[in-house]
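Taking my numbering, the leading residue of the sequence shown gets 432, the next gets one more, and so forth.
Notes follow the structure.
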Amino acid sequence: MSTNWEHIDKCAKEWIKEAGERIHQAFRKTLTIETKSSRSDLVTNVDKEVEQFFIERIRQTFPSHRVLGEEGFGDCISALDGIVWIIDPIDGTMNFIHQRRNFAISIGIFADGIGMLGYVYDVVHDELYYAQKGKGAFLNDQPLPVLQPVSIPEAIICLNASWIIENKQVDPKQLARLVQEVRGTRSYGSAALEMAYIAAGRLDAYLTMRLSPWDFAGGLVIIKEVGGLVTNIDGEPLDLLGPSSVFVSKPGLHREILQQYIRK
432 MSTNWEHIDK
442 CAKEWIKEAG
452 ERIHQAFRKT
462 LTIETKSSRS
472 DLVTNVDKEV
482 EQFFIERIRQ
492 TFPSHRVLGE
502 EGFGDCISAL
512 DGIVWIIDPI
522 DGTMNFIHQR
532 RNFAISIGIF
542 ADGIGMLGYV
552 YDVVHDELYY
562 AQKGKGAFLN
572 DQPLPVLQPV
582 SIPEAIICLN
592 ASWIIENKQV
602 DPKQLARLVQ
612 EVRGTRSYGS
622 AALEMAYIAA
632 GRLDAYLTMR
642 LSPWDFAGGL
652 VIIKEVGGLV
662 TNIDGEPLDL
672 LGPSSVFVSK
682 PGLHREILQQ
692 YIRK
């Protein structure tokens, strides 16, 4: 039996907007904040409640689907057989806590490892970026155009400052040279939003050394639908079951940045 992707898409959008309203309501309440792996790796009661909300809806409506969620309320997944939802209930939790902006709900829905539906919802600005494989990408029902090539001197790239100081994963001197040669740099603290901004043409590239699948799953589907490129820093496909370095760019930047500024 064929999968009704339009029905899945309709449900996902409804649930995302409902979850967004729950987050808005949480602004009026006191948050419970915990640390996970480090003092900068935060989780709130809202992250947990929103993930549980999605899982309940998915299991009620699509009992054969599985869920990989950041907060661990989903399934234990070692392979991407069947339909898998990869969910980050709040991508940018530190921003959610400290700024009450620059965070997003991120969802990618995969069939046997292939990205079929992707969503990034900027709750505060009510901007829903979404895509269905082969049908293009949209921002609030307005089609996003295919991305056009851009040169390094014209590019605005997203890069966390921690990667241009000493680290074990990339030569910071090379990245510092890239920072000097592009038009500008930005860092928003939400991988999902940064990928969505590339899809919308607001940024030209995004580079980070370590993300989990729920950080990039939704954006991955969206970026591919507008002709962007997504790999790790070795130019290989991302790992959908574990951490990856992530390099996202418009056409015309990907190979040049990989060869001149990243690969040692």
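Cβ coordinates follow ideal geometry from the N, Cα and C atoms, glycine included.
Look at the alpha carbon of R466 and the alpha carbon of T475, and state the distance between them as a whole number of angstroms.
Residue identity differs from the one stated: residue 466 is Thr in this sequence, not Arg. Whole-angstrom Cα-Cα distance: 9 Å.
Please name the residue in H438, V481, S469 and K441 whose C-alpha comes closest to that of A457.
V481
What are the uninterrupted segments assigned as beta strand (DSSP E) that are 3 or more residues long and contained completely in the segment 639 to 692, given in chain order?
660 to 662 and 675 to 680
Closer than 8 Å is the cut-off here; do at least three beta carbon pairs connect the segment 579 to 598 with the segment 540 to 558?
no
Within the continuous alpha helix (DSSP H) that includes F458, where are the two ends?
In this chain, F458 is not harboured by any alpha helix (DSSP H), its DSSP state being neither H nor E.
Please work out which residues of its chain come closer than 7 Å, Cβ to Cβ, to D478, disregarding the five sequence neighbours upstream and downstream, and give them in chain order.
E502, P520, I521 and T524
May I ask you to list the residues that DSSP assigns as paired with A607?
In DSSP, A607 forms no bridge with anything.
I'd like the list of long-range same chain contacts for I517, defined as Cβ closer than 6 Å, with 5 residues on each side in sequence excluded.
L499, G539, P644, W645 and A648
Per DSSP, what kind of secondary structure is C442 in: helix, strand or coil?
Helix at C442.
Can you tell which of L689, Y550, A450 and L684 has its C-alpha closest to the C-alpha of E585?
L684
For G451, which of helix, strand or coil comes out of DSSP?
helix
Just confirm the distance between the C-beta atoms of A562 and V652, as a whole number of angstroms; I'd bet it's less than 8 Å.
5 Å
Once DSSP output is grouped into helix, strand and coil, what is the label at E502?
coil
F485 and A535 look like a contact to me (Cβ under 8 Å); what is the Cβ gap, rounded to whole Å?
Between A535 and F485 the Cβ distance is about 14 Å, and since that is not below 8 Å, they are no contact.
Between the C-alpha atoms of I464 and L634, what's the straight-line distance to the nearest angstrom?
31 Å
Using a 10 Å radius around the Cβ and a threshold of 16 neighbouring Cβ atoms, would you call A631 buried or exposed?
buried
Looking at the structure shown, is P584 part of a helix, part of a strand, or coil, going by DSSP?
helix
Alpha carbon to alpha carbon, what distance is there between K681 and I454?
Each residue's alpha carbon lies about 32 Å from the other.
Measuring alpha carbon to alpha carbon, tell me which residue in V677, K566, Q483 and M547 is nearest L590.
V677
Kindly list the residues whose CB is nearer than 7 Å to the CB of S621, restricted to its own chain and excluding five residues on each side of it in sequence; keep chain order.
D522, G523, N526, N533, F534 and A535
For Y561, which of helix, strand or coil comes out of DSSP?
strand
DSSP state of D553, grouped into three classes?
For D553, the secondary structure class from DSSP, reduced to helix, strand or coil, is strand.
Inspect the beta-carbon positions of V551 and G659 and report whether they are closer than 9 Å.
no
Do T662 and L672 have their CB atoms nearer than 9 Å?
no
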